[in-house]
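**Student:** Protein sequences appear in the order of chains A and B. Using this note's numbering, the letters of the first sequence map in sequence onto residues 1 to 751. Using this note's numbering, the letters of the second sequence map in sequence onto residues 1001 to 1162. The beta-carbon is built from N, C-alpha and C at its ideal position, and this holds for glycine as well.
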Amino acid sequence: MAVEKEYKVIGTRPIRHDGVDKVTGRALYGADYQAAGLLHGRVLRSPHAHARIKSINTSRAEAYPGVKAVVTAGDLTASQDKIVDLGEGAVNLKFMCDNILAREKALYQGHAVAAVAALNGHIAEEALELIDVEYEVLPPAMEVRAAMQDDAPLVHEDMKTDEMGKASDKSSNIASHFQHKKGDIEKGFAEADVVIEHDYVTGTVHQGYIEPHNASAVYNADGEITIWCSTQGAFNARGQVAEILQHPVSKVKVVPMEIGGGFGGKISVYLEPLAALLSKKSGRPVKVLMSREDVFESTGPTPASYVRVKIGATNDGRITAAEAYIAFEAGAYPGSPVGAAAMCVFSPYKIENGFIDAYDVLVNKPKSNAYRAPGSTNVAFATETVIDEICKKIGMDPIEFRLLNSAKEGDSRVDGPVFPRIGFVETVEAAKDHPHYSAPLEGKYRGRGVATGFWPNFAFQSSVSINVNPDGTISLVEGSTDIGGSRASIAMQAAEVLGISAESVHPTVVDTNSVGYTDVTGGSHTTFTTGLAAYEAAQDVKQQMIERAAKLWEVDADEIEFSDGIFRYVNGKEEEIDFKGLAEKLGQTGGPLMGRASVAPSGAGSSIGTHIVDVEVDPETGKVEILRYTATQDAGKAIHPSYVEGQIQGGAVQGIGWALNEEYIYNEDGQMTNASFLDYRIPTTYDLPMIDAVIVEVPNPSHPFGVRGVGETPIVAPPAAIANAIYDAVGVRLTELPMSPERVLKALGKI
Amino acid sequence: MPDKVHVKTVINGEAVEFLCEPRDSLLEVLRDNLMLTGAKEGCNNGNCGACSVILDGRLVNSCIVLGAEIEGKEVETVEGLAEHNKLHPIQDAFLENAALQCGVCTPGFLMAAKALLNENPNPTEHDVRFWLAGNLCRCTGYDKIVRAVLDAAETMSTEVNV
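#1: Could you check where the alpha helix (DSSP H) with A/C97 kicks off and where it finishes?
#2: Does B/V1018 get closer than 8 Å to chain A when you measure Cβ to Cβ?
#3: List the residues of chain A whose Cβ lies closer than 9 Å to the Cβ of B/L1132, in chain order.
#4: Between which two residues does the alpha helix (DSSP H) harbouring B/L1095 extend?
#5: Any Cβ of chain A within less than 8 Å of the Cβ of B/C1051?
#6: Please state if the CB of A/I210 and the CB of A/V254 are separated by a distance shorter than 8 Å.
#7: Once DSSP output is grouped into helix, strand and coil, what is the label at A/I490?
#8: Since A/M672 sits in a beta bridge, which residues does DSSP pair it with?
#9: Closest Cβ-Cβ distance between A/S642 and chain B: below 8 Å?
#10: Rounding to the nearest angstrom, what Cα-Cα distance links B/C1048 and A/G262 in this structure?
#11: Measure the Cβ-Cβ separation of A/R448 and A/I612 and say whether it is below 8 Å.
#12: Taking 6 Å as the limit between beta carbons, can you name the residues of its chain near A/A358, skipping five residues before and five after?
#13: Check the Cβ-Cβ distances between B/G1141 and every residue of chain A, and say whether any is below 8 Å.
#14: Between A/A534, A/A439, A/G609, A/V694, which has its C-alpha nearest A/L627's C-alpha?
#15: Going by the beta-carbon positions, is the gap between A/F458 and A/S376 smaller than 8 Å?
#16: Beta strand (DSSP E) containing B/C1020: first to last residue?
#17: Given a threshold of 16 other Cβ atoms within 10 Å of its Cβ, counted over all protein chains shown, does A/H48 qualify as buried or as exposed?
#18: List the residues of chain A whose Cβ lies closer than 7 Å to the Cβ of B/A1082, in chain order.
#19: Name the residue from A/I682, A/A124, A/S279 whose alpha carbon lies nearest to the alpha carbon of A/E663.
#20: With 16 other CB atoms within 10 Å as the buried threshold, where does A/A2 fall?
#21: 8 Å is my cut-off, CB to CB: does A/M1 come that close to chain B?
#22: Do A/G11 and A/G183 have their beta-carbon atoms positioned less than 8 Å apart in this structure?
#23: Determine whether the Cβ of B/A1148 lies closer than 8 Å to any Cβ atom of chain A.
#24: For A/G605 and A/Q149, I'd like the C-alpha separation in whole angstroms.
#25: Quick one: using the 10 Å Cβ neighbour count with 16 as the cut-off for buried, is A/G479 buried or exposed?
#26: Determine, for A/D294, whether the minimum Cβ-Cβ distance to residues of chain B falls below 8 Å.
#27: Show which residues of chain A have a CB atom less than 7 Å away from the CB atom of B/N1012.
#28: Can you tell me whether A/V694 is helix, strand or coil according to DSSP?
#29: State the CB to CB distance for the pair A/R308 and A/N405, rounded to an integer number of angstroms; the pair is presumed to be in contact (CB under 8 Å).
#30: Counting only C-beta atoms, is A/D32 closer than 8 Å to chain B at any point?
#31: Taking the straight line between their C-alpha atoms, what separation do you get for A/G25 and A/A106?
#32: Which residues in chain B sit within 7 Å of A/G650, going by Cβ to Cβ distance?
#33: In the DSSP assignment, what residue or residues form a beta bridge with A/P256?
#34: For A/I751, count the other beta carbons within 10 Å of its own beta carbon; 16 or more makes it buried, fewer makes it exposed. Which is it?
#35: Hey, does B/G1038 have any beta-carbon neighbour from chain A nearer than 8 Å?
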């Protein structure tokens, strides 16, 4: 058994570096941007879910006092079909442009049609009402199964299905169809004693970050564009803006402001190109803000889905075969996370015979976007409840079933990849050993449920540079937007290498002109990849410092050792100096010292968590109350345990919201009827108990400290765990999310 | 456009005068006129609490108060919470408990917590959860926020007793 490494900084809980700014109101978020002569922008949006735009007349708005610029799709360079890769997968430029400002058709309620910049936001809003848009309203396609039918209204008249990698010749809302196969599915089901199959439906849900989207821009006379915005990735925002505006990427600078939550929803740009165009037209800085209603109706929620899962098992609890049909609503443009869903649907189980049939389907809703483990929650709701039903049928404890069927290092997923060392068994054992699992649960309408969540985790690209300060501290420059404490988790990795305290690192997130390329804070990659860049940059500093010590002592560098923050030479004469002492002497040993690293690693290491929940169902109202919640998760190595717990707790609660309350409710015309935080109800303090986060550490062999990203996995298990608990409590299986009071009452036969 | 309104008020203990449009919300005045951007806009209709401030001792959502309404009143915002660069115990507790992630809801939670502890210096977990239900946080799951407020209550009552 490997001996756990001893760390000085890693695993401790220092105050985060940006903490004081954030508790004093001094931290500047995107909407806090101010500038002399600042104009305020607002966006006119389609009231229709599907409509041809016959004409747009902006003349009355342009003449309105205080209005300084109006833009429509005509101000965008004619968009073209061109596939561009901006770091989060390939996208069609035409779709990207048309989503910024609708051209021929408005494809969803909330689709941007025009934007106005005025002296203040009120004037801009008034001016929007003076823009005359003539629409020809078309019937919308609003639900994935209906949208797949031959007679469905076509979101894009010329869309041809990508059928297993080949273009078909028929127009359809099915943007793509793909499959994964492993083993012999028929043989597998023939070997099963028990086969369970159900359909599952999940609604459209939103990331629900508290900070609405915002973007401010200055378009200079020399063509230099600067954008201040809340984005998960400044470089990705830069790339999108450059492509959409057909502007040289080097002439776009994105300054990442503090970001008020993202969860995958602040990767695509919406307002940034509009702010730039409005600034170009007006010659002034322009700040464009979304309202909360805009955020719901016009950004990228995560898709509604239809999923059918069939699993076979033997009476002694071995899975023999698993089959899934997955159809996701992409929204108005292709690209739902159905690919990720297919990676997750049967992971992390050991499946010898598997078949996955998956569809990306256009509907007249906003283009879907990533939301924390995108796709995984939808399919885990299906798989993890089918497994629970199998367990009930064969009389096996769900924990034992998971231990028996867990994938291990060397096993392959149905979609192909082979698992490295993963911590499924360990998280299940942590759940089993937790007092919660054996605690008595009494009461007629109370039940306990278990479910596991999986996310493959991703490693993108990151850069870090480090400057050594004369007082023995370092300034760490990074490009990863800090959404949940990553300045701390990255700084701590550099501190560990250099033997200095976490407080001796001064991390700064900088603009796209000031650091090497860095990908989005997403995919659970930041603490892994940017942390690795910090590790490598610190190694670079360490090596250079060793050379400085060698110069100071006039010895060979390779004879100097460094440990616990002390440089030592012990060959003949004894010399030692700590990091601070040597930092003070940089001036006399060669001048300033900086280290740097850019990394593009692989081996992010899958992330797995197992949750236990106790619920009480009110049979009169259908309301489900969460009585107790425990979430175990493999973090590989928790750099800052408090913020790892925070990710687990926050993700679990988003999953609870998805399970019980959250969904877009549309009327028959395809208009959202609950676009506010009053009616789209996310969990509050009063809806919840404490969330017991249990960190399991199975080190990731691909990271020097063993890090696995932790951000996404915790949202995956809750809906299934709660559904299983509801079954345990009242004996009914819910197969539709959210499990709202109405649906619970229906399942109970009360209404 | 109607004439602007001249408002005299007290913000964070200091006399302040400003001009605003009659339709400007207190949140707009704080953020755009007075550059007090600690209060955040999350919903602009009183649902999320990110703009929470204390008005004459009472917790309000500044997005649904008019700027002109604060004539002659006293407003406390997050910018006034720390005294002479010494953090308030609630601020310290939020840092110690890692009770923030993205931090955009934090100013609102701090002000709501302050209003709670003014009224009820020794709240139970239930009291805290009930009081803070008007402030939405999407990152933390509230666990660490509730703990931070309970810790702050304990620290503050100890300080008073000493």
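**Tutor:** A quick look at the data gives this:
#1: That run of the alpha helix (DSSP H) goes 93-100.
#2: What sits at residue 1018 of chain B in the sequence shown is Phe, not Val. Interface annotation, B/F1018: not in contact with chain A, CB-CB separation never under 8 Å.
#3: Within 9 Å Cβ-Cβ: T684, T685, Y686.
#4: First-last of the alpha helix (DSSP H) with B/L1095: 1089-1096.
#5: Not one chain A Cβ lies under 8 Å of B/C1051.
#6: For A/V254 and A/I210, no; Cβs fall outside 8 Å.
#7: Note: A/I490 maps to helix in three-state DSSP.
#8: DSSP output for A/M672 lists A/Y666 as bridge partner(s).
#9: It does; some Cβ of chain B falls within 8 Å.
#10: One Cα belongs to B/C1048, the other to A/G262, and the distance between them is close to 16 Å.
#11: In this structure, A/R448 lies near A/I612, with their beta-carbon atoms less than 8 Å apart.
#12: Within the same chain, Cβ atoms closer than 6 Å to the Cβ of A/A358 are found at F178, I326, V338, A342, the five residues on either side in sequence being excluded.
#13: With a threshold of 8 Å between beta carbons, B/G1141 makes contact with chain A.
#14: Between A/L627 and the set A/A534, A/A439, A/G609, A/V694, the nearest pair of CA atoms involves A/A439.
#15: Their beta carbons are not under 8 Å apart, which means A/F458 does not touch A/S376 by this criterion.
#16: Looking at the DSSP string, the run of the beta strand (DSSP E) that includes B/C1020 is 1014-1020.
#17: Around the C-beta of A/H48, 16 or more other C-beta atoms lie within 10 Å, and the residue is accordingly described as buried.
#18: Listed by position along chain A, the residues whose Cβ is nearer than 7 Å to that of B/A1082 are T24.
#19: In terms of Cα proximity to A/E663, the closest of A/I682, A/A124, A/S279 is A/I682.
#20: With a pLDDT of 44 at A/A2, under the threshold of 50, the modelled position of that residue is not reliable, and the figure given next carries that caveat. Of the residues assessed, A/A2 falls on the exposed side of the cut-off, its CB having fewer than 16 other CB atoms within 10 angstroms.
#21: With a pLDDT of only 37 at A/M1, under 50, the local geometry of the prediction cannot be trusted, and the value read off the model is given with reservation. Using a Cβ-Cβ cut-off of 8 Å, A/M1 does not count as an interface residue toward chain B, since no Cβ of chain B sits closer than that to its own.
#22: No, these two residues do not count as a Cβ contact at 8 Å.
#23: No, because no Cβ of chain A sits closer than 8 Å to the Cβ of B/A1148.
#24: If I take the Cα positions, the gap works out to 39 Å.
#25: Around the CB of A/G479, 16 or more other CB atoms lie within 10 Å, so the residue is classed as buried.
#26: A/D294 has a beta carbon lying at 8 Å or more from every beta carbon in chain B.
#27: By Cβ distance, chain A contributes nothing, its closest Cβ being about 11 Å from B/N1012, past 7 Å.
#28: If DSSP states are grouped into helix, strand and coil, A/V694 belongs with the strands.
#29: Not confirmed; about 20 Å, so no contact.
#30: Under the Cβ distance rule, A/D32 counts among the residues neighbouring chain B, one pair being separated by less than 8 Å.
#31: Their Cα atoms are separated by approximately 39 Å.
#32: Those are Q1101, C1139, T1140, G1141, listed as they occur along chain B.
#33: DSSP lists A/C229 as partners of A/P256.
#34: The residue in question, A/I751, is exposed, as its Cβ has fewer than 16 Cβ neighbours within 10 Å.
#35: Taking Cβ atoms only, chain A reaches closer than 8 Å to B/G1038, which makes this a yes.
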